[in-house]
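Asker:
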């Protein structure tokens with residue numbers, strides 16, 4: 001399906017409620033009560049246009065009974081939980097049902113203008129779980145939302161132990177069958193995996209959506225600090241933890257709860273000081289990238305045997321991470337990759353994947369989900385009706401590497417710093433001549449504020465990089481004479497020198513349309529001093545692994561050195577009539593921390609037989 005975010009009826013209703021306008025459904029008709037003059041002709045027209053949608057939503061308000069409870073952990077800390085029990089014909093279902101729950105970092109419910117915004121409001125697809133006979137639970141993490149406690153660090157091991165306790169509590173309730181699953185995206189996706197690592201006896205299935213694998217590789221990919229994300233995320237959770245708005249139970253000691261939250265670790269300040277994978281946090285004495293790294297739980301998660309359905313999208317911040325989870329776990333697994341970003345997806349697809357997984361593992365339904373190929377992925381720009389593909393492994397076994405070398409230009413396609421040429425190494429034409437392309441670092445270069453990295457939300461798909469290319473080194477292919485499918489993990493090899501002993505290199509894979517505009521497909525980043533390679537403890541799928549430890553970094557030596565980095569995986573058809581482009585900058589102003597060095601460095605990207613700068617694309621035959 002085309003990626004989208006449903007415009008929530010909830011936002012409209014809450015906005016109207018704040019204006020004193022009340023809406024309700026009565027015998028299939030929309031009724032309202034409002035102050036004089038509040039319902040303008042424009043608003044009346046809007047309500048009429050959305051009448052069916054609003055009436056259907058209001059009719060579903062009685063879909064479940066919501067209750068708020070506090071669940072006591074082993075150390076006495078109480079976590080706030082919302083429980084939704086399905087109704088049939090207005091009556092709560094009394095027979096035991098399987099339970100699925102989310103360990104929520106960003107408030108399970110909060111007060112907004114005119115009411116309470118719940119998880120069912122912000123993620124309407126959860127209603128499908130209720131309709132299909134599941135109890136739904138949402139539990140605030142320790143030190144967050146309306147839960148008690150303090151957070152010394154994100155992903156503290158205590159949090160996974162809390163999830164173990166919650167899972168077993170849910171299994172013991174009289175309205176539960178004892179079969180418990182988990183759901184949730186982003187932080188709550190990671191929480192599921194860490195919970196599985198504690199092996200709760202009644203945890204029967206999890207569906208982590210867009211979950212991080214390696215904390216260091218995310219915050220400092222290739223050694224480059226994603227300070228914009230870390231700062232924005234840190235400020236967001238600080239506000240959510242300490243400011244008014246969380247929905248507390250009537251008997252809660254709100255002041256006491258918030259006082260505990262004020263002692264939470266300051267995420268950005270902590271992350272900014274931890275430059276290396278083995279850096280120690282002076283305040284806590286721990287090495288966070290090792291102590292709380294999700295990947296450190298791989299062995300425990302595999303030993304648990306909990307079935308895992310991984311969901312992610314090609315424009316998500318953690319699509320690479322999700323493929324690593326899939327490759328490294330021994331559990332029963334399924335991997336689904338859609339045309340989605342971190343906060344844009346198809347509710348229909350997401351609901352269907354959850355239900356199929358839960359129905360099989362929590363209800364014992366023989367729906368064939370485990371008889372299918374375990375990998376399902378969407379190929380962007382593929383012919384209509386062929387976009388969704390399946391594979392037995394990831395990366396798909398039918399892909400083959402194809403190398404494209406950097407050549408001297410010009411191509412006449414872009415007024416970039418060099419306008420270089422990108423040619424396939426197919427043995428039919430001349431190889432690249434020795435040479436180098438000089439580039440004075442442009443610190444205004446940016447992929448913008450609606451990138452993959454913008455708070456993780458990826459406000460755009462295939463966003464326009466035409467302006468950024470003019471501030472970059474570019475290598476553009478001739479017009480493609482036939483469609484080219486790229487599915488997997490592209491690799492970039494840069495041979496570089498610089499007038500400074502260090503530098504950051506941002507490399508983009510782009511598609512250039514018939515008008516000459518370029519569109520983002522994927523990217524890689526590497527800091528020159530972090531170019532060292534090592535073999536990790538996990539299966540890296542043959543991709544380069546940069547250890548990022550203090551003793552592994554080294555300045556540029558004054559002669560060409562090779563930087564190797566993998567791009568985020570993708571599956572995209574580059575259409576005949578278009579072009580491939582690789583662009584290289586040394587800054588992404590709005591998305592990463594890059595020191596502005598004085599004097600401004602001049603870097604050189606070398607090419608030719610002696611220093612073959614190139615990109616290796618995983619290509620697939622057309623369906």
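In the UniProt record's numbering, the protein residues as written are 1 to 623. In this text, a Cβ means the ideal position worked out from N, Cα and C, and glycines have one as well.
So, using beta-carbon positions, are residue 165 and residue 74 closer together than 8 Å?
Answerer: yes
Asker: For residue 241, does the count of other Cβ atoms within 10 angstroms reach 16, so buried, or fall short, so exposed?
Answerer: Burial is judged here by how many other beta carbons sit within 10 angstroms of a residue's own beta carbon; residue 241 has at least 16 and is buried.
Asker: Are residue 271 and residue 194 close, meaning C-beta to C-beta below 8 Å?
Answerer: No.
Asker: Give the straight-line distance between the Cα atoms of residue 538 and residue 328, rounded to the nearest whole angstrom.
Answerer: 7 Å
Asker: Run through DSSP, which three-state label would residue 293 get?
Answerer: coil
Asker: Skipping 5 residues on each side, what residues in its chain have a beta carbon closer than 8 Å to that of residue 465?
Answerer: 447, 508, 510, 518, 519, 520 and 583
Asker: Is it right to say residue 619 is buried, meaning 16 or more other beta carbons lie within 10 angstroms of its own, or is it exposed?
Answerer: buried
Asker: Sort 533, 365, 381 and 200 by Cα distance to residue 578 and report the nearest one.
Answerer: 381
Asker: Check whether the segment 254-269 touches the segment 141-150, counting contact only when three or more Cβ pairs, one atom from each stretch, lie closer than 8 Å.
Answerer: yes
Asker: Between the segment 206-213 and the segment 319-338, can you find at least three pairs of beta-carbon atoms closer than 8 Å?
Answerer: yes
Asker: Since residue 306 and residue 206 are thought to touch, with beta carbons under 8 Å apart, how far apart are those beta carbons, to the nearest angstrom?
Answerer: Contact between residue 306 and residue 206 is confirmed by a C-beta separation of about 6 Å, below the 8 Å threshold.
Asker: Sorted by chain position, which residues of the same chain lie with C-beta nearer than 6 Å to residue 321's C-beta, five sequence neighbours on each side aside?
Answerer: 212 and 213
Asker: Less than 8 Å separating the beta-carbons of residue 393 and residue 425?
Answerer: no
Asker: How about residue 445 and residue 468: are their beta carbons less than 8 Å apart?
Answerer: yes
Asker: From residue 5 to residue 124, what does the alpha carbon distance come to, in whole angstroms?
Answerer: For residue 5, the pLDDT reaches just 34, beneath the cut-off of 50, and the residue's location in the model is therefore unreliable, leaving the point undetermined.
Asker: Helix, strand or coil: which one does DSSP assign to residue 607?
Answerer: strand
Asker: With distances taken from CA atoms, which of 122, 70, 35 and 595 is nearest residue 344?
Answerer: That would be 122, whose Cα lies nearest to the Cα of residue 344.
Asker: Have a look at residue 363 and residue 112 and give me their C-alpha separation to the nearest angstrom.
Answerer: 36 Å
Asker: State the Cα-Cα distance for the pair residue 338 and residue 453, rounded to the nearest angstrom.
Answerer: 18 Å
Asker: Would you decide whether residue 622 is buried or exposed? Buried here means 16 or more other CB atoms lie within 10 Å of its CB.
Answerer: exposed
Asker: Tell me whether residue 351 sits in a helix, a strand or coil according to DSSP, three-state version.
Answerer: helix
Asker: Going by the CB atoms, is the gap between residue 593 and residue 62 shorter than 8 Å?
Answerer: no
Asker: So, for residue 600: in the same chain, excluding its five sequence neighbours on each side, which residues have a beta-carbon less than 7 Å away from its beta-carbon?
Answerer: 440 and 441
Asker: Across the segment 542-562 and the segment 492-504, are there enough close Cβ pairs to call them in contact, namely three or more that are closer than 8 Å?
Answerer: yes
Asker: Does residue 624 pass the burial test, meaning 16 or more other C-beta atoms within 10 Å, or should it be called exposed?
Answerer: Only positions 1 to 623 of the chain appear in this structure, which leaves residue 624 out of reach.
Asker: With burial defined as no fewer than 16 other Cβ atoms inside 10 Å of the residue's Cβ, what is the status of residue 285: buried or exposed?
Answerer: exposed
Asker: Would you kindly check if the distance between the Cβ of residue 156 and the Cβ of residue 292 is under 8 Å?
Answerer: yes
Asker: In three-state terms, what does DSSP make of residue 191?
Answerer: helix
Asker: CB residue 396 to CB residue 481, shorter than 8 Å?
Answerer: no
Asker: Name the residue from 67, 450 and 160 whose alpha carbon lies nearest to the alpha carbon of residue 315.
Answerer: Nearest option by C-alpha distance: 450.
Asker: Does the Cβ-Cβ distance between residue 422 and residue 476 come in under 8 Å?
Answerer: yes
Asker: Once you ignore the five residues that flank residue 459 on each side, which residues in its own chain have a CB closer than 7 Å to its CB?
Answerer: For residue 459, the pLDDT reaches just 49, beneath the cut-off of 50, and the residue's location in the model is therefore unreliable, leaving the point undetermined.
Asker: How would you write the range of the beta strand (DSSP E) that residue 566 sits in, first residue to last?
Answerer: 561-566
Asker: Which residues share a DSSP beta bridge with residue 511?
Answerer: 519 and 580
Asker: State buried or exposed for residue 137, treating a residue as buried only when at least 16 other CB atoms are found within 10 Å of its CB.
Answerer: Residue environment analysis places residue 137 among the buried positions, since at least 16 neighbouring C-beta atoms fall within 10 angstroms of its C-beta.
Asker: Use the C-beta contact count for residue 192: other C-beta atoms within 10 angstroms, 16 or more gives buried, fewer gives exposed.
Answerer: buried
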